[in-house]
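Protein chains: 2
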Amino acid sequence: MPYDPSAYPPFAVTVDLVVLTVRRHALCALAVRRGEAPFQGQWALPGGFVRPEEDLGAAAARELAEETGLRVQEPGGHRAHLEQLATYGDPGRDPRMRVVSVAHLVLAPDLPAPVSGGDAKTARWAPVDRLLAPAGADREDGSSSPLAFDHARILGDGVERARSKIEYSSLATAFCPSEFTVGELRRVYEAVWGVALDPRNFHRKVTGTPGFLVPTGGTTTRQGGRPAQLFRAGGATLLNPPMLRPEV
Amino acid sequence: MPYDPSAYPPFAVTVDLVVLTVRRHALCALAVRRGEAPFQGQWALPGGFVRPEEDLGAAAARELAEETGLRVQEPGGHRAHLEQLATYGDPGRDPRMRVVSVAHLVLAPDLPAPVSGGDAKTARWAPVDRLLAPAGADREDGSSSPLAFDHARILGDGVERARSKIEYSSLATAFCPSEFTVGELRRVYEAVWGVALDPRNFHRKVTGTPGFLVPTGGTTTRQGGRPAQLFRAGGATLLNPPMLRPEV
DNA sequence: GATCATAGTCGTCTCCCTGACGATAAACAG
DNA sequence: CTGTTTATCGTCAGGGAGACGACTATGATC
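Sequence order for the protein chains is C and U. Straight run, no breaks: the first sequence in our numbering ends on number 248. Straight run, no breaks: the second sequence in our numbering ends on number 496.
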């Protein structure tokens, strides 16, 4: 119930991005190396300030385009999926001033070029396991120092959101190119959940759910073995009944 | 990736509360009447500014206590449940200045006193159906003018979150007093979902899910009919498999 | 007190989905 | 040609949910 807004101290509002993709059978997140204090030289999630006349979702989409060149295309499109994740506003999460960060979650297909960022910042895909590994874990290539700020928590929340959301929605297709096989989709589930799924039961489930997959008529052998049918994501967004994640 | 925070224009950060309860077989939300412009005289969600050294969740809990006297008690406690809902930051959602609002969702048992607010603001429970009814719907007691700001959208999102979350979690018990019967819990589901459930199948489901309900040994006849066993919420927070919401 | 209405509780039956797993098909590598 | 890999179809048993019958234990009403 706002009284007089100007009577209250200002907050900085930013967006942070948890950009996930599946590369080489592993769930990976986009990380950028910080060029300035605090946390200089450490890895962090991409993000930036919300502009004065910009909606939160628009700010996230703009940052995403700046960092990766990816375009968001919400309804049925076959580019990245973007949704709001959560907001983090602990006093002291940024030592410089009070910053409230609205985190967004992006699910993207594996990009041909690793990352073609707009500016010169170092950006790379890193397996989430390594980014979330406790301090002291092996880091042979120096890429797994702990994330800056509270970004480990944000990334963890994003990963958990993605893991649970592919259970009951068709969002896993956002990790796939516009045409994909059942096996490729299965490998997405396996990478995100970190488990092995039975190919036969998976095939029965996804092809038996109306509106989930639409055959394009083509086939491919890019995975080796017998040619597989190519599919496109169907109109269904909700999976009912859901895809069950195996027990731990 | 913050540069110089002071170089960016300030935002006001507030928390808004979607406080839900079940009263007389209807899902109700807490609404307060605005005493000042803009939207003077209209109903709105309770909320207020986040203080300089206050975490977002703490601000929401403080506002909740100020408006209702409810205390939040996260782990297993039998008072209100509070969680972050989403953040709304459209430019222009508040005509006075740029306000980013972090909405929170509260699930509370039916309160004995309707609302015992701290300050003198008029607060009341209103059925969400009426609060969300399109403008022009009947409002015999004048209580259903459209909500101020974008609060109808926020309330809608909160209701949808509650509806889906009681499917796969034990959160429905947050609407019940500390001891309750299976029938009372069923009426919570029926009110939140707006459907009728089979009492026998519901009884089998909730009593057969380990850790969901713990019998206290007592019985009650406060609902009339045969005495019913009293239960307390068990430790389980996730329902697996979930409670299925009947088709539309 | 008998009857009725109201809730609660236990069972049964069928259908559908899932997990486990056998079998076949169609490509490629040697 | 043979082995390897991946895709795809089929079968079978078990669990859970929807539909619904039956019985129980209260208070209200006649």
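Cβ coordinates follow ideal geometry from the N, Cα and C atoms, glycine included. Predicted model only: the values in this text are computed from it and were never measured.
Anything in chain U within Cβ reach of residue i, meaning under 8 Å, just list it in chain order.
{"i": "residue 53 of chain C", "result": "339"}
What residue range is occupied by the uninterrupted alpha helix (DSSP H) comprising residue i?
{"i": "residue 124 of chain C", "result": "Counting along the chain, residue 124 of chain C falls outside any alpha helix (DSSP H), though it belongs to the beta strand (DSSP E) covering 123-127."}
{"i": "residue 447 of chain U", "result": "447-456"}
{"i": "residue 68 of chain C", "result": "56-68"}
{"i": "residue 185 of chain C", "result": "182-193"}
In chain U, what lies closer than 7 Å to residue i by C-beta?
{"i": "residue 98 of chain C", "result": "300"}
Measure the Cβ-Cβ separation of residue i and residue j and say whether it is below 8 Å.
{"i": "residue 212 of chain C", "j": "residue 186 of chain C", "result": "no"}
{"i": "residue 264 of chain U", "j": "residue 283 of chain U", "result": "no"}
{"i": "residue 22 of chain C", "j": "residue 192 of chain C", "result": "yes"}
{"i": "residue 81 of chain C", "j": "residue 172 of chain C", "result": "no"}
{"i": "residue 93 of chain C", "j": "residue 31 of chain C", "result": "no"}
{"i": "residue 359 of chain U", "j": "residue 316 of chain U", "result": "yes"}
{"i": "residue 445 of chain U", "j": "residue 277 of chain U", "result": "no"}
{"i": "residue 199 of chain U", "j": "residue 376 of chain U", "result": "Within the shown structure, residues of chain U are numbered from 249 to 496, placing residue 199 of chain U beyond reach of any answer."}
{"i": "residue 503 of chain U", "j": "residue 396 of chain U", "result": "Because residue 503 of chain U is not part of the residues shown, which for chain U are 249 to 496, the question remains open."}
Give me the chain C residues within the contact set of residue i, using Cβ-Cβ distance strictly less than 7 Å, ordered along the chain.
{"i": "residue 335 of chain U", "result": "56, 84, 87, 102"}
Using a C-beta to C-beta distance shorter than 9 Å, which residues of chain C count as neighbours of residue i?
{"i": "residue 287 of chain U", "result": "Under the 9 Å cutoff, chain C gives no residues; its nearest Cβ is about 10 Å from residue 287 of chain U."}
In chain order, what residues of the same chain lie with their CB nearer than 7 Å to the CB of residue i, ignoring the 5 residues before and after it?
{"i": "residue 237 of chain C", "result": "169, 170"}
{"i": "residue 299 of chain U", "result": "307"}
{"i": "residue 262 of chain U", "result": "295, 296, 297, 298, 347, 349"}
{"i": "residue 370 of chain U", "result": "280, 281"}
{"i": "residue 247 of chain C", "result": "none"}
{"i": "residue 206 of chain C", "result": "182, 185, 212, 213"}
Tell me which residue opens and which closes the beta strand (DSSP E) that residue i is part of.
{"i": "residue 153 of chain C", "result": "Element bounds for residue 153 of chain C: not the beta strand (DSSP E) but the alpha helix (DSSP H), 151-168."}
{"i": "residue 247 of chain C", "result": "First-last for residue 247 of chain C: undefined, no H or E at that position."}
{"i": "residue 474 of chain U", "result": "Taken as a continuous stretch (DSSP letters only), residue 474 of chain U belongs to no beta strand (DSSP E), as it is neither H nor E."}
{"i": "residue 274 of chain U", "result": "274-281"}
{"i": "residue 358 of chain U", "result": "Where residue 358 of chain U is concerned, there is no enclosing beta strand (DSSP E), given that its DSSP letter is neither H nor E."}
{"i": "residue 242 of chain U", "result": "Given that chain U is displayed from residue 249 to residue 496, the structure contains no residue 242 of chain U and the question cannot be resolved."}
{"i": "residue 92 of chain C", "result": "Note, residue 92 of chain C: premise wrong, no beta strand (DSSP E); not H, not E."}
{"i": "residue 82 of chain C", "result": "81-88"}
{"i": "residue 482 of chain U", "result": "Taken as a continuous stretch (DSSP letters only), residue 482 of chain U belongs to no beta strand (DSSP E), as it is neither H nor E."}
{"i": "residue 296 of chain U", "result": "295-297"}
{"i": "residue 216 of chain C", "result": "213-220"}
Can you pull the chain U neighbours of residue i, defined as C-beta to C-beta under 9 Å?
{"i": "residue 249 of chain C", "result": "Chain C is shown only over 1 to 248; residue 249 of chain C falls outside these bounds and no answer can be derived."}
If I measure Cβ to Cβ from residue i and keep anything under 8 Å in the same chain, skipping five residues before and after, which residues do I get?
{"i": "residue 465 of chain U", "result": "478"}
{"i": "residue 467 of chain U", "result": "475, 476, 477, 478"}
{"i": "residue 239 of chain C", "result": "167, 168, 169, 170, 209, 212"}
{"i": "residue 150 of chain C", "result": "88, 90, 93"}
{"i": "residue 302 of chain U", "result": "310"}
{"i": "residue 190 of chain C", "result": "25, 196, 197"}
{"i": "residue 471 of chain U", "result": "429, 431, 432"}
{"i": "residue 344 of chain U", "result": "286"}
{"i": "residue 490 of chain U", "result": "415, 416"}
Note down, in chain order, every chain C residue with its Cβ under 8 Å from the Cβ of residue i.
{"i": "residue 261 of chain U", "result": "11, 13, 89, 100"}
Can you give me the Cβ contacts of residue i inside the same chain, cut-off strictly under 6 Å, excluding the 5 residues immediately before and after it?
{"i": "residue 78 of chain C", "result": "Model confidence at residue 78 of chain C stands at a pLDDT of 49, short of 50, so the residue's coordinates are unreliable; what they give is reported in the following sentence. Closer than 6 Å at Cβ, skipping near neighbours: 178."}
{"i": "residue 11 of chain C", "result": "98, 100"}
{"i": "residue 463 of chain U", "result": "477, 479"}
{"i": "residue 469 of chain U", "result": "475"}
{"i": "residue 452 of chain U", "result": "none"}
{"i": "residue 406 of chain U", "result": "266, 333, 353"}
{"i": "residue 2 of chain C", "result": "Here the model assigns residue 2 of chain C a pLDDT of 43, short of 50, so the residue's position is not dependable, and the following value carries that caveat. Nothing listed; no residue qualifies."}
{"i": "residue 71 of chain C", "result": "79"}
**Asked** Looking at C-beta atoms only, is the number of pairs between the region 301-317 of chain U and the region 398-411 of chain U that lie closer than 8 Å three or more?
**Response** no
**Report entry** the region 416-434 of chain U touching the region 479-486 of chain U, judged by at least three CB pairs closer than 8 Å
**Finding:** yes
*At least three beta-carbon pairs within less than 8 Å, the region 395-402 of chain U to the region 340-353 of chain U*: yes
Given 8 Å as the limit, is there contact between the region 282-299 of chain U and the region 325-336 of chain U, that is, 3 or more CB pairs closer than that?
no
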